[in-house]
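Residue numbers (the working numbering): 65 to 314.
C-beta: ideal position from N, C-alpha, C; glycine also.
First up is the structure itself, then whatever we jot down about it.
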């Protein structure tokens, strides 16, 4: 009698164990089928460097069309957006995204990126592209786990820049009486680098012998002068200011 009860108990234990295994397998299959699809947003972005060494620029390009296509193929829409799609008679997920319904759930504002620096770059500098993504929101409403690790990029490909001294082509003349002198600035070259770019003295009249004046090349451009010259002439001015001593007044 005891032996039969023991056998029944063993069978019961075996059945329970089998049920546990089946439940675990079924749970694993269910999770696998319903787990959020993974996408890496870095697959859709490129960073390009352009310009001249020491004043280069980083530009981020995001392939929005390809991203939305892949996103639509992997998305599992929640009930809200599915109802909106049904109202419009849309059955294909990509068509839904083409209609812009994704904006109803504010998808785009939940995916943003930032460069730690994008201007005044030199070859060899490190630029970091980082993302801010509301992963939980996107996983909940779209069934997609959007991944985006920060990218560390080395600046390469910037052109070498040639310098020129604009004061080599400037003639500075002082005239008049001591205490009432004036300065005349004359460009002695017809090179294009002086077209539309002028010189200016910080003091141009009331000069005395021994006074010091500072002449600036391209004062109207300010900090944009070097970038302008590099872009238009392939050279940058160095220096952009020079000091002169007043001499030769009567």
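Residue 120 carries a strand assignment under DSSP once its states are collapsed to helix, strand and coil. Taking residue 130 as reference, the option from 254, 105, 147, 140 with the minimal CA-CA separation is 105. For residue 294, the enclosing alpha helix (DSSP H) stretches over residues 289–297. Put simply, the backbone Cα of residue 219 is about 11 angstroms away from that of residue 115.
Residue range 101–104 is occupied by the beta strand (DSSP E) that includes residue 104. DSSP places residue 151 within a helical segment (H, G or I) once states are collapsed to three. Three or more Cβ pairs closer than 8 angstroms define a contact, and the stretch 192–205 falls short of that threshold against the stretch 247–265. Beta-bridge analysis with DSSP links residue 265 to 279. With fewer than three CB-CB distances shorter than 8 angstroms, the stretch 230–239 does not count as touching the stretch 201–208.
Annotation for residue 199: the continuous alpha helix (DSSP H) segment containing it runs 199–206. Remark: three or more beta-carbon pairs, one from each stretch, lie closer than 8 angstroms, so the stretch 173–186 and the stretch 117–124 are flagged as touching. When DSSP reads this structure, residue 245 sits in a beta bridge with 271.
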